[in-house]
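Report on one structure; see the data block that follows.
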């Protein structure tokens, strides 16, 4: 939390240096000091490196390199934390349910030169997970519609809820009620944002977030621009509607022991509430990731864009950039996994 108290880092700087730093970082979201964490589990060799005057303990192994790779990849995916499946599988089931699968990788070594089939069959695979946190929520005053009962195991509930929804067919179709009886549900459909046949508009479900009615699209070529404008407009609208409280630096004192009840504390619920309160973001992101890996990039793009209408999401923007770099068409050598040398 202290990382978000910017004055702690700039108050002691002279005015010229402080203004130069703030100007340089003005276009970047988030606090001045940002740290990425890479969590991996494996074997390592511990040793001392240095001279008689100064020795430093260090750890050397491929697992250490994997952790460093994860840390550097947090910048690519726009998240503060990435963990490998090796680390993820060590968590108990309740904590695994709080994590989101971000991507699946094929890990390549510098001297590796295999064909696509051999790479898919024999290559080392790594699944990436993150734990989503909205730290800025700690300084936003509670709103009237905040649900204090939100728990951090809602990712699993969201996934079960998504699987049990079904469309009854025809206009006016209803869906199965939410398992938690407190969040809006969506019918399963091929796309939440679809072009209406015989017209030049894009229909959007009326019970979803901030999008209502239809977005007028003059022609198909303008589809991409209009969706991007909608995402930007929603992000700006959400930012304007969320007043902030003054940030007060409160540093921990003494030793704080881990307690399983820590997940129920109000601060933890605050930083998770925006992700889990409506039961939409995580199921829709997983649907997008499955479509992306299955080479259905058109549907994946629609799902990633829809996630961005709910809140700004680094992984969704990362995948949209990848698809845009390939003109929305999967490369011929795409095998459903992201190559580690592409990050």
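Numbering (the working numbering), first residue to last: 635 to 977.
A virtual CB, placed ideally from N, CA and C, is assigned to each residue, including glycine.
As the structure is a prediction and not an experimental result, all values here were calculated from the model.
Exercise. Are three or more beta carbon pairs between the region 705 to 718 and the region 645 to 661 nearer than 8 Å?
Worked result: no
Exercise. Taking C-beta to C-beta, are residue 709 and residue 664 nearer than 8 Å?
Worked result: no
Problem set entry | Straight-line Cα distance separating residue 935 from residue 825 | Bear in mind that the predicted position of residue 825 carries a pLDDT of just 42, short of 50, making it too unreliable to give a figure here.
Exercise. Which residues bound the beta strand (DSSP E) around residue 737?
Worked result: 734 to 741
Problem set entry | When 939, 947, 966 and 931 are compared against residue 957, the one with the closest alpha-carbon | 931
Exercise. Any idea which residues DSSP pairs residue 759 with across the strands?
Worked result: 740
Problem set entry | Exposed unless 16 or more other CB atoms sit within 10 angstroms - verdict on residue 944 | buried
Exercise. Of all the options 699, 769 and 692, which has the alpha carbon lying nearest to the alpha carbon of residue 742?
Worked result: 699
Problem set entry | Among 975, 963, 649 and 905, nearest to residue 776 - alpha-carbon criterion | 905
For this session: Assuming residue 973 and residue 683 form a contact by the criterion Cβ under 8 Å, report the distance between their Cβ atoms to the nearest whole angstrom.
Result: Their Cβ separation, rounded to whole angstroms, is 32 Å, which puts residue 973 and residue 683 out of contact at 8 Å.
Exercise. Which whole-angstrom value describes the C-beta separation of residue 712 and residue 951, a residue pair presumed to lie in contact below a C-beta threshold of 8 Å?
Worked result: 6 Å
Exercise. Could one say the Cβ of residue 912 lies closer than 8 Å to chain C's Cβ atoms, at least one of them?
Worked result: In the structure shown, chain C cannot be found, because there is only a single protein chain.
For this session: Kindly give me the distance between the Cβ atoms of residue 954 and residue 971, rounded to whole angstroms, as I take these residues to be in contact under 8 Å.
Result: Not confirmed; about 18 Å, so no contact.
Exercise. Going by beta carbon distance, what residues of the same chain come within less than 6 Å of residue 647, once the five residues before and after it are set aside?
Worked result: none
Exercise. What did DSSP end up calling residue 957 once you bin it into helix, strand or coil?
Worked result: helix
For this session: Report yes or no: do three or more beta-carbon pairs, one from the region 749 to 764 and one from the region 732 to 739, lie closer than 8 Å?
Result: yes
Exercise. What first and last residue would you give for the alpha helix (DSSP H) that runs through residue 923?
Worked result: 915 to 927
Problem set entry | Residue environment, residue 947, which counts as buried when at least 16 other CB atoms sit within 10 Å | buried
Exercise. Buried or exposed: where does residue 724 fall if 16 or more other Cβ atoms within 10 Å of its Cβ makes it buried?
Worked result: exposed
Exercise. In this structure, does DSSP put residue 651 in helix, strand or coil?
Worked result: helix
Exercise. Among the residues of its own chain, which have a CB less than 6 Å from the CB of residue 909, if the five just before and after it don't count?
Worked result: 766 and 915
For this session: Alpha carbon to alpha carbon, how far is residue 678 from residue 692? Give it in angstroms, no decimals.
Result: 10 Å
Exercise. In this structure, what does DSSP give as the bridge partners for residue 672?
Worked result: 716
Exercise. If you run the structure through DSSP and keep just helix, strand and coil, what is residue 689?
Worked result: strand
For this session: Check whether the Cβ atoms of residue 721 and residue 675 sit closer than 8 Å, and answer yes or no.
Result: yes
For this session: Compute the beta-carbon to beta-carbon distance between residue 969 and residue 753, rounded to the nearest angstrom, for a pair I have assumed lies under 8 Å.
Result: 7 Å
Exercise. Can you give the Cα-Cα distance for residue 835 and residue 913, rounded to whole angstroms?
Worked result: With a pLDDT of only 40 at residue 835, under the threshold of 50, the placement of this residue in the model should not be trusted, and no figure is reported.
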